[in-house]
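Participant: Right, I'll just put the structure down here and ask away after.
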Amino acid sequence: MRFLRLTGLAMVFGFGLSAAAAYAQAPSPTAGGAPAASASPAEDQAGLELKEHHRHHHHGGVTKFIAMSLDTLGTDDAKRPQIEKLQSDLHAEMAGAREAEKSVLLTLADGIAAGTVDAAKVDAAIAKLTAAADGVHGASLDTLNKLHAILSPPERAALADKVEAHWEVWHQSNNEADPAGREHGGRLARLTEEVGLTPDQVTKMSAALHAAPAGGSAKFDPQKGEAHVKAFATAFVGDTFDAKAVTSNANGQLASRGATRMAHFYETVTPLLTPEQRTKLAANLREHANYQPSPSAK
Amino acid sequence: MNRRLVTTLAGAVVASCLASTPARAGVEIQIFPPSWFIATARPVYYEGHASYWYGNRWHYRDGGRWRSYNDEPSNLHEYRGRREPERHYYEREHERRHWEHDRDR
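Sequence order for the protein chains is A and B.
Sequential numbering from 0 applies to the first sequence in numbering that gives the first Met the number 0.
Sequential numbering from 0 applies to the second sequence in numbering that gives the first Met the number 0.
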């Protein structure tokens, strides 16, 4: 009898503990962790356009994320002209890398239009882009210090959040996403919309992308990008900031990774496109090549 | 004495289970703004932090965590009445600039 009573008590206790544990793990109604790109709800139009942008423009690495974050920082009207000037300065400091990226995109566009992409020529253009992007961090130190000085603590925190958000989207689009994936918002889905791929073409392209893994992928270390972003974000939210103290520089690596993956995609799918589709795709890439950022701080 | 202790303990455990289960059932699972939203949305600064209107609620970062206002602050409510929360469309913006560039040539 005593044994039965103790066993029953143990069962009730166990049930209570498991219920308490489950409750403790349930999400709080008012607080949550950092946003995770991979677990987030499906992107809306602005989110899809951002992904498409990050799949084609890599020239400034983390510095580009900083400049892009100013597009939506939401500073007050009085500060806006100064912020626009600093954003313009950042774009000027990335101009060399942007030109190098233009060369990559135009080389790809020419190859696509001709039906065969010259991989050696593209690789040489990517090497120039990588070198140019690597120098962007050093060129932008003064501008970043001025930016810190002009922003209020909440604006600095918001900028740091946005830089981290851009990094997450970039990383998801250029590293985590399956290059052969057919998911909504992915490269193949976007190409289908752009040039009207048939289901058979999509199947063949997906198989070809699976069969030919992207060159250079083994060399990419996302922790370097993460370290650069975290070092900047942590330092920038402080009361004092010296951009020189941010010694991590993953800009070249990000540019190289993004451009290599983009090139691999277009090199692989080009032989499977019709001449009309190639003409359309080449025109779209030339538009990307002519991308001219202008101050749009809001 | 032992029987009374056992009965009291069992009662306490059962009561805690009954109390915790409905509470858990009442938990509202919230979705906080994802990265692609933070990167494309213009925040509103309120109470010393950037607030984002997402999923019909205002959210803000508090240190390493996201929090939400369960009751919409009147200032933020008024802001929404005056102005639609803004988003940045990168491709559309690019096309617009391209069109302006062609037009001005």
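Glycine included, C-beta positions come from ideal geometry on N, C-alpha and C.
All values reported here derive from a predicted model rather than from experimental measurement.
1) Quick one: list the residues of chain B neighbouring residue 161/A, beta-carbon separation under 7 Å, in chain order.
2) Can you tell me whether DSSP reads residue 86/B as helix, strand or coil?
3) Which residues in chain A sit within 7 Å of residue 90/B, going by Cβ to Cβ distance?
4) Between residue 221/A and chain B, is the shortest Cβ-Cβ distance under 7 Å, so that the two count as touching?
5) If you reduce the DSSP assignment to three classes, tell me which class residue 189/A lands in.
6) With the cut-off set at 7 Å, would you say residue 95/A and residue 250/A are in Cβ contact?
7) In angstroms, rounded to a whole number, what distance separates the CA positions of residue 191/A and residue 62/A?
8) Using only the alpha-carbon positions, how far apart do residue 64/A and residue 224/A sit?
9) If you compare alpha carbons, which of 51/A, 289/A and 287/A is closest to residue 168/A?
10) Take the Cβ of residue 239/A as the centre, count every other Cβ of all protein chains shown within 10 Å, and call the residue buried at 16 or more, exposed below.
11) Compare the beta carbon distance of residue 276/A and residue 194/A with 7 Å and say whether it is the shorter of the two.
12) Closer than 6 Å by C-beta to residue 180/A: which residues in its own chain qualify, once you throw out the five before and the five after it? Chain order, please.
13) Please list the residues of the stretch 198 to 209 of chain A that have a C-beta atom closer than 7 Å to any C-beta atom in chain B, keeping them in chain order.
14) Report yes if the CB atom of residue 51/B is closer than 7 Å to the CB atom of residue 42/B, and no otherwise.
15) Just by C-beta distance, which residues in the stretch 40 to 74 of chain B are closer than 8 Å to chain A?
16) When we look at the beta-carbon of residue 63/B and count the other beta-carbons within 10 Å, is it buried (16 or more) or exposed?
17) Quick one: list the residues of chain B neighbouring residue 165/A, beta-carbon separation under 7 Å, in chain order.
18) So that I know if they touch, is there some Cβ in chain A lying closer than 7 Å to that of residue 21/B?
19) If you run the structure through DSSP and keep just helix, strand and coil, what is residue 59/B?
20) From the DSSP secondary-structure annotation, give me the bridge partner or partners of residue 134/B.
21) Consult DSSP for residue 44/B and reduce its assignment to one of helix, strand or coil.
22) Give the residues of chain B in contact with residue 225/A, contact being defined as C-beta atoms less than 9 Å apart.
23) Check residue 81/B in the structure and name its three-state DSSP category.
24) I need the DSSP call for residue 67/B, collapsed to helix, strand or coil.
25) Kindly list the residues whose CB is nearer than 8 Å to the CB of residue 58/A, restricted to its own chain and excluding five residues on each side of it in sequence; keep chain order.
26) As a quick exercise: from 270/A, 145/A, 118/A and 48/A, pick the residue whose alpha carbon is nearest that of residue 196/A.
27) Taking just the CA atoms, how far does residue 75/B sit from residue 44/B?
28) Ignore the nearest five residues each way along the sequence and tell me which others in residue 37/B's own chain have a CB closer than 8 Å to its CB.
29) What separation, rounded to the nearest whole angstrom, lies between the Cα atoms of residue 150/A and residue 71/A?
30) Report the start-end ranges of each beta strand (DSSP E) in the stretch 236 to 291 of chain A that is 3 residues or longer and not cut off at the edges.
Facilitator: So, from the data block:
1) 37 and 38
2) strand
3) Near residue 90/B (Cβ distances below 7 Å), the residues of chain A are 48, 51 and 52.
4) Interface criterion not met: the Cβ of residue 221/A is under 7 Å from no Cβ in chain B.
5) Of the three classes helix, strand and coil, the one that applies to residue 189/A here is helix, per DSSP.
6) Against a cut-off of 7 Å, the Cβ pair of residue 250/A and residue 95/A comes out as no contact.
7) Each residue's alpha carbon lies about 31 Å from the other.
8) 12 Å
9) Nearest Cα to residue 168/A within the set 51/A, 289/A and 287/A: 51/A.
10) Around the CB of residue 239/A, fewer than 16 other CB atoms lie within 10 Å, so the residue is classed as exposed.
11) yes
12) For residue 180/A, same chain residues with a beta-carbon under 6 Å away, outside a window of 5 residues either side, do not exist.
13) none
14) yes
15) 40, 41, 42, 43, 44, 47, 48, 49, 60, 61, 63, 64, 65, 66, 67 and 69
16) exposed
17) 38
18) Low confidence applies to residue 21/B: its pLDDT is 43, below 50, so where it sits in the model is not reliable, and the reading given next is rough at best. No, no contact with chain A.
19) strand
20) Since the first residue shown for chain B is 0 and the last is 104, residue 134/B is missing from the structure and cannot be characterised.
21) strand
22) Those within 9 Å of residue 225/A in chain B number zero; the least Cβ separation is about 13 Å.
23) Looking at residue 81/B - three-state DSSP - the assignment turns out to be helix.
24) strand
25) 93, 96, 97, 99, 100, 128, 131, 132, 135 and 254
26) Nearest neighbour of residue 196/A by Cα position, chosen from 270/A, 145/A, 118/A and 48/A, turns out to be 270/A.
27) 9 Å
28) 51
29) Roughly 14 Å separates the two Cα atoms.
30) none
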